[in-house]
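Asks: Numbering (our numbering), first residue to last: 226 to 556. Quick one: the structure is below, questions incoming.
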């Protein structure tokens, strides 16, 4: 439970360490992958004639190669900074969140730091039989799973339906450009694509030989270091990475999953946004929301409760009009 209650200060310290630490697989300047032994010309001439040294050098090369491959096979967690503007009418309201991209042999998982903390508490509560609540006002509640075969699955707890699962088989048609530059010591190349109602510009590197990136973005000949829509309303920036424990797995929540097609999800999403209080209204009509008393001792009718909830939800939705997949709202 101590790990679940890690403070932001500690987390940022870990992020800093992960960013600054050189690693064989992901840092081109790492000396661990260099199997060549440096020596002067004169020393080299003498040593080269030594058969024992030649055999030693071969063995050292093989061991170094195997060591580097072992590092490369380790599961990794990449940290992204996600900057976005949830309300297109308020350019001053910018939100920032830390997102994780976990890379495994057969798949990757993308989710927010806050979601991981919340799901960890819920999983622990489920295991121990204790009560726990998910984090209030959590913004990015989704988890995206990308399989090695290219399948993309979107999981979320929204629409008051429980855990929904959507398979997204849309292809991202990238146009790779000649533009190159340096980002965080990586040589990156530019690519463009139109996806989910927005035009995106990505910068990817071949120095990390993984064809993946944040959110649903993948399919480039390298790893996405930075990606943003052309209006800079949604942007993901790579911050660093670290090794995952071999035994690590995302917290398993014992929830029933509801599978939806992308079109059905789009339909239900827009229905919910237009009438977010429909379910609580149905409960009221069924007599399941009795009169209650507020903190001042005043009686509040069931209908008043419904109206208050409806007003609150509509205000929240009205300020969330600039979602990352903006085409979902064009129904």
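Heads up, the beta-carbon is just placed ideally off N, CA and C, and yes, glycines get one too.
1) With a threshold of 7 angstroms on Cβ separation, who are the neighbours of residue 320 within its own chain once the five nearest residues in sequence on each side are excluded?
2) Give me the Cα-Cα distance between residue 453 and residue 525, rounded to the nearest whole angstrom.
3) Tell me the DSSP bridge mates of residue 518?
4) Which two residues bound the contiguous alpha helix (DSSP H) that contains residue 472?
5) Taking its Cβ as the centre, do 16 or more other Cβ atoms sit within 10 Å of residue 318, making it buried, or is it exposed?
6) Is it buried or exposed for residue 305, if we count other Cβ within 10 angstroms and need 16 for buried?
7) Look at the Cβ atom of residue 416, then the Cβ atom of residue 401, and state whether they are nearer than 7 angstroms.
8) Between residue 288 and the rest of its own chain, which residues show a CB-CB distance below 7 angstroms, the 5 nearest in sequence each way excluded?
9) Since residue 398 contacts residue 418 with CB under 8 angstroms, what's their CB separation in whole angstroms?
10) Mind checking residue 549: buried by the 16 CB within 10 Å criterion, or exposed?
11) How do the segment 472-489 and the segment 374-391 stand: do at least 3 beta-carbon pairs fall below 8 angstroms, yes or no?
12) When DSSP builds the beta bridges, which residues end up paired with residue 463?
13) DSSP state of residue 353, grouped into three classes?
14) According to the neighbour-count rule (16 or more other Cβ atoms, all chains shown, within 10 Å of its Cβ), is residue 334 buried or exposed?
15) Note down the Cα distance separating residue 414 from residue 435, rounded to an integer number of angstroms.
16) Just list the alpha helix (DSSP H) runs in the segment 322-409, keeping only unbroken ones of 4 residues or longer that don't cross its boundaries, in chain order.
17) If you compare alpha carbons, which of 477, 376, 441, 404 is closest to residue 350?
18) Looking at C-alpha atoms only, which residue of 370, 347, 348 is the closest neighbour of residue 326?
19) Just the Cα atoms here: how many angstroms apart are residue 443 and residue 353?
20) Cα separation between residue 539 and residue 533?
21) Just curious, the beta strand (DSSP E) that residue 451 is in, first and last residue?
22) For a quick check, are the C-beta atoms of residue 372 and residue 330 less than 7 angstroms apart?
23) How far does the beta strand (DSSP E) with residue 485 in it extend, from its first residue to its last?
24) Residue 509 lies in the alpha helix (DSSP H); which residues open and close that run?
25) Find out if the Cβ-Cβ distance for the pair residue 455, residue 428 is shorter than 7 angstroms.
26) Helix, strand or coil for residue 531? Go by DSSP, reduced to three states.
27) Please state whether DSSP places residue 423 in a helix, a strand or coil.
28) Which term fits residue 314, buried or exposed, when burial requires 16 or more other beta carbons within 10 angstroms of its beta carbon?
29) Compute the Euclidean distance between the alpha carbons of residue 338 and residue 324, then round it to the nearest angstrom.
30) Just the Cα atoms here: how many angstroms apart are residue 542 and residue 384?
31) Would you check if the distance between the CB atom of residue 514 and the CB atom of residue 530 is smaller than 7 angstroms?
32) Using the Cα positions of residue 328 and residue 301, report the straight-line distance between them to the nearest angstrom.
33) Quick one: what does DSSP say residue 544 is sitting in, helix, strand or coil?
Replies: A quick look at the data gives this:
1) 309, 311, 364, listed in sequence order.
2) Each residue's Cα considered, the two are about 47 angstroms apart.
3) 524, per the DSSP bridge assignment.
4) Taken as a continuous stretch (DSSP letters only), residue 472 belongs to no alpha helix (DSSP H), as it is neither H nor E.
5) Label assigned to residue 318: exposed.
6) The residue in question, residue 305, is buried, as its Cβ has 16 or more Cβ neighbours within 10 Å.
7) Contact: yes.
8) The predicted position of residue 288 is uncertain, since its pLDDT is 38 and thus under 50; a value taken from the coordinates is nonetheless stated next. Excluding residues within five positions, none has a Cβ falling inside 7 angstroms.
9) At roughly 6 angstroms, the Cβ-Cβ gap stays under 8 angstroms, so residue 398 and residue 418 are in contact.
10) The residue is buried, with at least 16 neighbouring Cβ atoms inside 10 Å.
11) With a cut-off of 8 angstroms, the segment 374-391 and the segment 472-489 count as touching, because enough Cβ pairs lie within range.
12) For residue 463, DSSP records a beta bridge to 305.
13) Under the three-state reduction of DSSP output, residue 353 falls in the helix class.
14) Buried.
15) So the two alpha carbons sit approximately 14 angstroms from each other.
16) Counting only runs of 4 or more, we get 338-353.
17) Closest in alpha carbon position to residue 350, among 477, 376, 441, 404, is 477.
18) Ranking 370, 347, 348 by Cα distance to residue 326 puts 370 first.
19) CA-to-CA, the gap between residue 443 and residue 353 works out to about 38 angstroms.
20) Roughly 10 angstroms separates the two Cα atoms.
21) Boundaries of the beta strand (DSSP E) around residue 451: 448-454.
22) Taking 7 angstroms as the Cβ cut-off, residue 372 and residue 330 do not qualify as a contacting pair.
23) Run containing residue 485: 482-485, per the beta strand (DSSP E) assignment.
24) Element bounds for residue 509: 503-510.
25) No, Cβ-Cβ distance for residue 455 and residue 428 is not below 7 angstroms.
26) In the three-state reduction of the DSSP assignment, residue 531 falls in the helix class, which pools H, G and I.
27) Three-state result, residue 423: strand.
28) Within a 10 Å sphere around the beta-carbon of residue 314 sit fewer than 16 other beta-carbons, which makes this residue exposed.
29) Just so you know, the alpha carbons of residue 338 and residue 324 end up roughly 6 angstroms apart.
30) Between residue 542 and residue 384, the C-alpha separation is close to 12 angstroms.
31) The answer is yes: Cβ separation under 7 angstroms.
32) Per the coordinates, the alpha-carbon of residue 328 lies some 5 angstroms from the alpha-carbon of residue 301.
33) It is coil, neither helix nor strand.
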